[in-house]
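Novice: What follows is a single structure, and I will ask about it in a moment.
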Amino acid sequence: MTQPPTSPVDLIDQLAGLAPGSATHALRHQRDKVVAATQGSYDALFDPELPGVSLAERLLVALYAARLTPSPALAAHYRSRLEQLGADASQVRAVAEGAPADIAEPRLRAMLEFTRKLIEKPVEGDRAALLALPAAGLGTPAVVTLAQLVAFLSYQVRLVAGLDALKALQALNDNPAGAKA
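The sequence shown: position 148 = 148 (the UniProt record's numbering), numbered continuously.
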């Protein structure tokens, strides 16, 4: 008897440490369409062929968003991708340390500033914030890509955090003796 092919573990399952067969994995995969769409969005937004914003720029934005949120698992993931890509080490360090002002490139600094505004104080992501991007050299398609990327990263961070919380709750339910009265 042949076994059905196993589907690859997606990024969220990997980052949240969801093992097939676990209660949290089963809960997440009740809506496989959402799981597939989430992975598909990740794949599309980090496609090396996506024009307008380089892959290194997108990964730096992702690292910065994960740092600001904070999401250590996502920050580690995006930093690893940047290192695999051979991205500029000084840029990676500046972003990882939360010092985008140390980056010489005005375009990247503007992208990171826009990211910070959308994450920390979304109300500041206004017309003036948007107009700063073309002034730094981003065309309209690149601005749209950047805004979509930051929105996806916010979703991704919340999804990983929610799954981590569900796993912790499940662990408490599985081991009530370990819980304090």
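For every residue, glycine included, the Cβ atom is placed at its ideal position computed from N, Cα and C.
Bear in mind that the values here come from a model prediction, so they are computed numbers and not experimental data.
Taking only the alpha-carbon atoms, compute the straight-line gap between residue 160 and residue 48 and give it to the nearest angstrom.
Specialist: Their Cα atoms are separated by approximately 24 Å.
Novice: Ordered along the chain, which non-local residues of its own chain (more than five positions away) have a Cβ less than 8 Å from that of residue 139?
Specialist: Closer than 8 Å at the Cβ level, and outside the excluded window around residue 139, lie 52.
Novice: Quick check on the DSSP output: what are the complete alpha helix (DSSP H) runs of length 4 or more inside the region 81-157, in order along the chain?
Specialist: Whole alpha helix (DSSP H) segments, 4+ residues: 89-96, 106-120 and 127-135.
Novice: In chain order, what residues of the same chain lie with their CB nearer than 8 Å to the CB of residue 67, ignoring the 5 residues before and after it?
Specialist: Cβ neighbours of residue 67 beyond the five flanking positions: 75, 95, 96 and 98.
Novice: Suppose the cutoff is 6 Å on Cβ atoms and the five residues either side in sequence are ignored; what does the same chain contact list for residue 167 look like?
Specialist: So the qualifying residues of the chain are 24.
Novice: Using alpha carbons as the reference points, say which of 110, 149, 137 and 85 lies closest to residue 42.
Specialist: Among 110, 149, 137 and 85, the Cα nearest to that of residue 42 is on 149.
Novice: Check whether the region 28-38 and the region 52-61 are in contact - that is, three or more C-beta pairs closer than 8 Å.
Specialist: Not touching, per the Cβ criterion.
Novice: With burial defined as no fewer than 16 other Cβ atoms inside 10 Å of the residue's Cβ, what is the status of residue 156: buried or exposed?
Specialist: Counting Cβ neighbours within 10 Å, residue 156 comes out buried, since at least 16 surround it.
Novice: According to the neighbour-count rule (16 or more other Cβ atoms, all chains shown, within 10 Å of its Cβ), is residue 84 buried or exposed?
Specialist: Residue 84 comes out exposed.
Novice: Quick one: which unbroken alpha helix (DSSP H) runs of 4-plus residues sit fully inside the region 6-52? Chain order, please.
Specialist: Counting whole runs of 4 or more residues, the region 6-52 contains the alpha helix (DSSP H) stretches 11-16, 23-28 and 32-45.
Novice: Alpha carbon to alpha carbon, what distance is there between residue 65 and residue 162?
Specialist: Cα-Cα distance, rounded: 17 Å.
Novice: Use the C-beta contact count for residue 36: other C-beta atoms within 10 angstroms, 16 or more gives buried, fewer gives exposed.
Specialist: Exposed, since its Cβ has fewer than 16 Cβ neighbours within 10 Å.
Novice: Please list, in chain order, all residues of the same chain as residue 100 whose beta carbon is under 8 Å from its beta carbon, the five residues on each side excluded.
Specialist: Cβ within range, chain order: 64, 94, 108, 109, 112, 113 and 116.
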